[in-house]
Amino acid sequence: MDFLVMLEEGSDQSPVLARVDSVPAQLSTEHRAREVVTLYGTPRTESLALAIAAAVESHRTAGTSTGAFRHLGVWPERGAVGDAAWRDEATGELMTRDLSIPLDVLSSAARQVLAQCGTALQRLVAGLAMPDWPEGAWRAISITLDPIAEQSRNALARLDGLLDVFREADGLTYEYEGD
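Residues 199 to 377 (the working numbering) make up the sequence shown, in order.
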């Protein structure tokens with residue numbers, strides 16, 4: 199999933215931790231779907247993980263199209279609350295649905311996000327918190343989190359290691375010291 203993470207400066211008193219807006223892919227293949235996460239207050243890895251979990255969980259919501267626009271607010275005591283809107287493919291009618299993701303579901307998903315992508319999220323939050331952004335610039339950083347691709351890369355690395363063990367067991371390793 200592609201994310202644009204922004205920091206809303208001067209919003210330390212906001213009761214909302216974050217806002218998540220889903221922008222679906224365009225009809226052409228060059229445009230990918232993107233989640234726009236706006237963090238309020240001091241950026242924290244836990245708040246970002248909750249917002250990303252809200253984006254992931256909102257995609258799991260039954261009855262919404264892949265072309266749906268989703269808007270969610272992430273609240274510290276309520277979870278994620280918002281709505282989704284999309285066009286019915288058969289009739290072209292505008293469909294809407296209220297979304298509510300309970301805090302316990304959101305917290306569980308956030309723990310999984312932190313377990314899989316915690317280091318990347320920490321770096322992103324550190325980048326947003328750096329004091330040397332140009333004055334008046336939007337603090338925004340793009341990130342792609344693809345745990346499936348990461349898992350497949352790890353599987354390939356394990357497979358290469360396994361092949362090395364088999365090669366050594368069969369005597370197929372060669373040492374080139376003085377042929």
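Glycine included, each C-beta is placed from N, C-alpha and C at the ideal position.
The structure displayed is predicted, hence computed values, not measured ones.
The alpha helix (DSSP H) that contains residue i, what's its start and end?
i	result
Val-311	301-327
Thr-259	No alpha helix (DSSP H) holds Thr-259; DSSP gives it neither H nor E.
Could you compute how far the alpha carbon of residue i sits from the alpha carbon of residue j?
i	j	result
Gly-239	Met-293	33 Å
Cys-315	Val-303	18 Å
Arg-285	Asp-330	43 Å
Val-272	Arg-217	6 Å
Val-254	Pro-332	32 Å
Ala-282	Val-323	27 Å
Met-204	Arg-337	6 Å
Gly-280	Met-328	31 Å
According to the Cβ coordinates, are residue i and residue j closer than 8 Å?
i	j	result
Glu-233	Phe-201	yes
Val-235	Ala-249	yes
Ala-318	Leu-343	yes
Leu-297	Thr-259	yes
Ala-306	Ser-256	Checking the displayed sequence, the identity of residue 306 turns out to be Ser instead of Ala. Cβ distance not < 8 Å, so Ser-306 and Ser-256 don't count as in contact.
Ala-251	Leu-270	no
For residue i, which three-state DSSP category applies?
i	result
Leu-343	coil
Glu-244	helix
Ala-283	strand
Ala-278	strand
Ala-249	helix
Ser-378	This structure cannot settle anything about residue 378, because the visible part of the chain is limited to 199 through 377.
Ser-350	For Ser-350, the predicted model reports a pLDDT of 37, less than 50, meaning its position is unreliable; a value from the coordinates is still stated below. Ser-350 falls in the helix class under three-state DSSP.
Met-204	strand
Ser-298	strand
Val-235	strand
For residue i, count neighbouring Cβ atoms within 10 angstroms of its own Cβ and tell me buried if that reaches 16, exposed if not.
i	result
Pro-274	exposed
Gly-208	exposed
Ala-347	With a pLDDT of 40 at Ala-347, under the threshold of 50, the modelled position of that residue is not reliable, and the figure given next carries that caveat. Exposed is the call here.
Gly-277	buried
Gln-310	exposed
Pro-213	exposed
Ser-245	buried
Ala-308	buried
Looking at the secondary structure, which residues open and close the beta strand (DSSP E) in which residue i lies?
i	result
Asp-330	Where Asp-330 is concerned, there is no enclosing beta strand (DSSP E), given that its DSSP letter is neither H nor E.
Shorter than 8 Å from the beta carbon of residue i to some beta carbon of chain D?
i	result
Thr-236	Reference to chain D is not applicable here, since this structure consists of a single protein chain.
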